[in-house]
Amino acid sequence: MIRCVIAVLALLALGYASGFRLNVTGSLPRGVYRLADGPLRRGDVVGFCLEGSFADLARERGYVASGSCPSGLRPLMKRLAGLPGDQVRLTDEGIVCGPEDKPRRWPGVPLARDGKGRPLARASLQGVIPPGSALVLADHPGSFDSRYFGFVPLDSLVRMEPVFVLERSNHE
């Protein structure tokens, strides 16, 4: 039994070191993803570490599990919804983001309270995404994403590719 556990742990460590990541949250299709090279494009799955007061909030409220980020949390995985210069607009149906000639609608408006009734702050998401920043959103409209913590540093994002997912996304 001990050998089996050690073998599984060794395989998991080897997979992680090889760039494979497991998503078990509802933010994106559940499954296995891997770190990928190449330029970032709107709609890509990206990984990043949450920092500052929002990392503290995520830890205190249990939104994000412990992991390898400097904050002690696990990296988040979201979709790259907007790049510097893109227009962002909050509507009654969700967030509209992208270049003026080809905006994309993302479902889900920021919620006033989380699933346990605790108040949630809303990020200011009207206007143009500033240089060096990105908008990250999830396929699930109730996800903890840029709706709450705002823009993230573009250079903190790592592109991820699905290897094996259990369901498809509306944004693929």
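For the sequence shown, the working numbering gives the first residue as 42, with consecutive numbering after it. Using N, Cα and C, we set each Cβ at its ideal position, and we do this for glycine too.
(request) Keeping to the same chain, check which residues put their C-beta closer than 7 Å to that of residue 129; ignore five residues upstream and five downstream. (result) 123, 136, 138, 166, 167, 168, 170 and 176
(request) Report yes if the CB atom of residue 148 is closer than 8 Å to the CB atom of residue 154, and no otherwise. (result) no
(request) Note down the Cα distance separating residue 174 from residue 70, rounded to an integer number of angstroms. (result) 25 Å
(message) Going by C-alpha to C-alpha distance, which of 125, 84, 146 and 141 sits closest to residue 134?
(response) 146
(request) Pick out the complete beta strand (DSSP E) segments inside the segment 78-157, 3 residues or longer, and give them in chain order. (result) 86-89, 117-123, 128-131, 135-139 and 145-148
(request) For residue 208, I'd like the list of residues in its chain whose CB is within less than 6 Å of its CB, leaving aside the five on either flank, ordered along the chain. (result) 70
(message) Can you give me the C-alpha to C-alpha distance between residue 184 and residue 76, rounded to a whole angstrom?
(response) 22 Å
(message) Taking the beta carbon of residue 112 as the centre, do at least 16 other beta carbons fall within 10 Å, making it buried, or is it exposed?
(response) buried
(request) Report the option in 181, 121 and 78 whose CA atom is closest to the CA atom of residue 65. (result) 181
(request) Could you please give the first and the last residue of the uninterrupted alpha helix (DSSP H) stretch that includes residue 188? (result) 187-190
(request) Report all residues from its chain with a CB closer than 6 Å to the CB of residue 90; omit the five preceding and five following residues, and keep chain order. (result) 110 and 116
(request) Could you please give the first and the last residue of the uninterrupted beta strand (DSSP E) stretch that includes residue 72? (result) 72-76
(message) Looking at chain B, is there any beta carbon in it that lies within less than 8 Å of the beta carbon of residue 45?
(response) Any reference to chain B falls outside this structure, which holds one protein chain only.
(message) Taking only three categories from DSSP, how would you classify residue 44?
(response) helix
(message) Which residue marks the beginning of the beta strand (DSSP E) containing residue 174, and which one marks its end?
(response) 174-178
(message) Measuring straight from C-alpha to C-alpha, what distance separates residue 213 and residue 205?
(response) Interpretation of residue 213 is limited by its pLDDT of 47, a score under 50 that renders its predicted location unreliable; the figure taken from the coordinates is listed afterwards. C-alpha separation (whole angstroms): 14 Å.
(request) Could you check the C-alpha separation between residue 67 and residue 106 for me, to the nearest Å? (result) 14 Å
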